[in-house]
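So the number in the numbering used here is just where the residue sits in the sequence shown, counting from 1, plus 204.
Don't be surprised by glycine CBs; every beta carbon is placed ideally from N, CA and C.
Reviewing the structure listed below.
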Amino acid sequence: MSLSDWSLGPLERHFTESLQRLEPQAPDAVLAAAALCCQALGAGDVCLPLARWAGQPLFVEGGPGLQAPALPAWLAALQASALVAAPGGYAPLTLDGARLYLSRYHAYEAQLAENLLRRASARPEVDEAQLSESLARLFARNTQQPDWQRLAAAQAVRRNLAVISGGPGTGKTTTVVRLLAALLEQPGGERLAIGLAAPTGKAAARMAEAIRNAKAELPVSDAIKAALPEEARTLHRLLGSRGDTPQVRHHADNPLPLDVLVVDEASMVDLALMAKLLDALPPNARLILLGDKDQLAAVEAGAVFAELCEGRGLDAAAAADLTRITGQTVPVEQPRSRLGDAVVLLTHSHRFAGDSGIGELARRINGGDARGTLELLRGGHPDLTWNAGPTPAALLERLESGYAPYFAAVRAADPASAFAAFNGFRALTAQREGPWGVGGINEALEARIKRRLSVSSRERWYPGRAVMVRQNDYALGLFNGDIGLCLSTPNGLRVFFEGDEGYRPFAPARLPSHDSAFAMTVHKSQGSEFTEVLLALPEQPSPLLSRALFYTGITRAKKKVEIWGLPARLTEAVSTRAERAAGLAERLGESAEVAPPAALPAPGDQDQLSLF
């Protein structure tokens, strides 16, 4: 059967044709596995679990397709092919057990696991008496028992790897500011080079602002406050990304000049980027990862942060050490990975009180309780509203009324007032396309707004237009995900963006690629907070609907959530746990042996194929 008979996308077809040129006699079973591996990567999976597809019909849409072999025969065909290597070998594909990888991603995963385990086992020299005093003073206001913020800080000072996960309002930024202060108070701490980073420019700016605000109230000396960092960079800028190539400027042979690196919104970091980050960080440097394990994973392949958190636990020895240092009674829970006590979960939410409907909704969603979720939404909580029979027309009317305070603020042409009003209400969607997606909602809503403002339908710009930047522009200091608001000024229309020192105006023609932003995807909203959120779910079943998406969407709200979606879609979302195929958690497991990573291309080398 010819490849042309299979229903393949352009990328899969190009990849398999390239492999066929390398091995003209490659059997269909091998080429089919390669195409599936490529598809899996595009869907966010790091590898192809062959057992999931063995014996199944493949590529049948629009063509005769192919029947996948049974698993033993498939494994035998792959092992016999020159296109497939065992772990540590070099070929376009790597077979590791019953998982097939594009070899670049196998190398990323194995290298990352090895680096994490090496860093987690390191024990830097610590003055425990000073640490105890620092923690008692810095976390004196915390009354929870055990105080997981204090315990997380203790572990971050005592380890070269700390993974701190917590939902909205659990105080991740507060914790990291205090733990950095405790670290600086250690002997020689004033000489530490500390870096702050995040996956996106928006997240980096928000992190830097939060730390600047939080350090003002710290009970520490002025010298310690001055030593705390105030600037954060994107991970790509930190590593020195080189355009569209996989190479970066900083790597093991040219490491980052840092002693401590804090990465916020780490759940958004994909496997490839995390592997490059660990490779570029000096072996003795501390790495502190902050994130929410229940949020949506990275857009690219991998769910690294969630996999790291799977192994959390404190054994008896770690619990005894923490009790001695912090005075806290620490529960013992056997770790499920060799990262062990490097992972700490913050559980107390300062944003959502015990009677919060949003907080309870988040717990039921994460617990997979679909029936309980619907019951709660029907329960009349003041901070929860549910429209169970939505229509596009009714949604547009609701959005127009929701943004009415914003357009009232726009008339004053004051950026601060406009941004405050715009952040008071936001529409989120699960997908980009369709009448319930970002594109459809923004187009229809803007048409209504223009009619109400008597603006020609052909005009792109008008007072109140909200836009989101789609690509980084370092020259302008604008980054993917940044929100701009168009306001009238004496010099004509200008688009204002929030900056470190106020609001920066730009002529509309100067902006990098952008979209209207009255509605935004849940993915793009990660890390943001709004007073009220309206979450619109599609009418039809969608592979995008998942527990993580639902949870991430509703927890963007500080005070009220409004859900527009059919009961069936809500049930599907709560019941669907989106799991990405990967082997990192297994590599970090208590009894796992880490397979040797294949060598990644040297920094100056050109790859033979960009996917491996």
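Shortest alpha-carbon distance to residue i belongs to which of the options?
i: L550; options: G259, A324, V367, V464; result: V367
i: A412; options: G259, E469, Q451; result: E469
i: E776; options: L741, S307, G444; result: L741
i: N619; options: E332, P709, P261; result: Position check: residue 619 holds Pro in this sequence, whereas Asn was assumed. Among E332, P709, P261, the Cα nearest to that of P619 belongs to P709.
i: E736; options: L477, D587, L304; result: D587
i: A679; options: A397, G685, P716, A326; result: P716
i: R217; options: E702, T577, L240; result: L240
i: S198; options: N417, A476, L422, L465; result: Residue 198 lies beyond the range of the chain shown here (205 to 816); nothing can be said about it.
i: L739; options: G393, S285, L657, L603; result: L603
i: A385; options: W352, I428, L578, E421; result: I428
i: D819; options: V503, A546, A505; result: Residue 819 is absent from the structure shown; the chain starts at 205 and stops at 816.
Report the partner residues of residue i according to the DSSP bridge assignment.
i: R708; result: F701
i: P771; result: Looking at the DSSP assignment, P771 forms no beta bridge with any residue, so it has no partner.
i: G399; result: L465
i: S381; result: The identity of residue 381 in the sequence shown is Val, whereas the question assumes Ser. Beta-bridge pairing links V381 to no other residue.
i: P253; result: R303
i: W590; result: I767
i: A723; result: A631
i: I492; result: A366, V466
i: Q348; result: Its beta-bridge partners do not exist; DSSP assigns none.
i: P261; result: Q271
i: H718; result: V673
i: V288; result: L297
Would you kindly report the start and end of the unbroken alpha helix (DSSP H) that includes residue i?
i: G606; result: 596 to 606
i: R630; result: Looking at the DSSP string, R630 is not in any alpha helix (DSSP H); the run it does join, the beta strand (DSSP E), is 629 to 633.
i: H218; result: 214 to 226
i: L649; result: 642 to 657
i: G392; result: Premise fails: G392 is in no alpha helix (DSSP H) and is neither H nor E.
i: M472; result: Careful: M472 lies outside any alpha helix (DSSP H) and carries neither H nor E.
i: L283; result: It is Gln, not Leu, that sits at residue 283 in the sequence shown. That run of the alpha helix (DSSP H) goes 275 to 283.
i: P619; result: 619 to 626
i: R441; result: 439 to 443
i: F338; result: Checking the displayed sequence, the identity of residue 338 turns out to be Ser instead of Phe. 332 to 342 is the span of the alpha helix (DSSP H), which, as asked, contains S338.
i: V508; result: 508 to 514
i: N458; result: Per DSSP, N458 belongs to no alpha helix (DSSP H) and is neither H nor E.
i: R575; result: 574 to 581
i: A408; result: 405 to 419
i: G561; result: 561 to 570
i: R528; result: 520 to 530
i: R818; result: With the chain covering only 205 through 816, there is no way to say anything about residue 818.
i: A430; result: 426 to 431
Roughly how many whole angstroms lie between the Cα atoms of residue i and residue j?
i: M724; j: Q283; result: 45 Å
i: S222; j: W278; result: 21 Å
i: K764; j: Y755; result: 14 Å
i: D817; j: L387; result: For the chain, the structure presents residues 205 to 816; residue 817 sits outside this window and is missing.
i: A713; j: L432; result: 38 Å
i: L770; j: I562; result: 19 Å
i: A408; j: D498; result: 20 Å
i: S795; j: M672; result: Unreliable placement is indicated for S795, whose pLDDT of 49 sits below 50; the coordinate value is still reported in the next sentence. So the alpha carbons of these two residues sit roughly 46 Å apart.
i: A360; j: L500; result: 25 Å
i: G641; j: A721; result: 12 Å
i: T530; j: H455; result: 36 Å
i: L212; j: D232; result: 14 Å
i: A479; j: R662; result: 47 Å
i: A592; j: R781; result: 22 Å
i: G259; j: Q271; result: 6 Å
What span of residues does the beta strand (DSSP E) with residue i cover, start to end?
i: L245; result: From DSSP, L245 is part of no beta strand (DSSP E) but of the alpha helix (DSSP H) over 232 to 246.
i: T759; result: No beta strand (DSSP E) holds T759; DSSP gives it neither H nor E.
i: T693; result: 687 to 693
i: V737; result: 734 to 740
i: V548; result: 547 to 550
i: A670; result: 670 to 673
Leaving out the 5 sequence neighbours to the left and right, which residues in its chain are closer than 7 Å to residue i when beta-carbon positions are compared?
i: K376; result: I368, G370, L494, L550
i: L788; result: E313, L316, A317, V508, E511
i: W665; result: C690, L697, P712
i: G625; result: Reading off the sequence shown, one finds Ala at residue 625, where the question assumed Gly. Excluding sequence neighbours, A625 sits near P609, Y610, A613.
Using a Cβ-Cβ cut-off of 6 Å (strictly less than) and excluding sequence neighbours within five positions of residue i, which residues of its own chain qualify?
i: P594; result: W768
i: A244; result: L252
i: A648; result: L600
i: G808; result: Any reading at G808 needs caution, since the residue's pLDDT is 36, under 50, leaving its predicted position unreliable; the model's value is listed next. Hits under 6 Å: none found.
i: V726; result: L632, L753, T756, G757
i: R354; result: L339, F343, T530
Does the distance between the C-beta of residue i and the nearest non-hydrogen atom of the ligand SAM fall short of 7 Å?
i: G643; result: Ligands are entirely absent from the displayed structure, and the ligand SAM is therefore not among its contents.
In chain order, what residues of the same chain have a beta carbon less than 8 Å from the beta carbon of residue i, not counting five sequence neighbours either side?
i: R636; result: V642, G643, T725
i: L578; result: P771, L774, T775
i: L321; result: R542, L543, L792, V798
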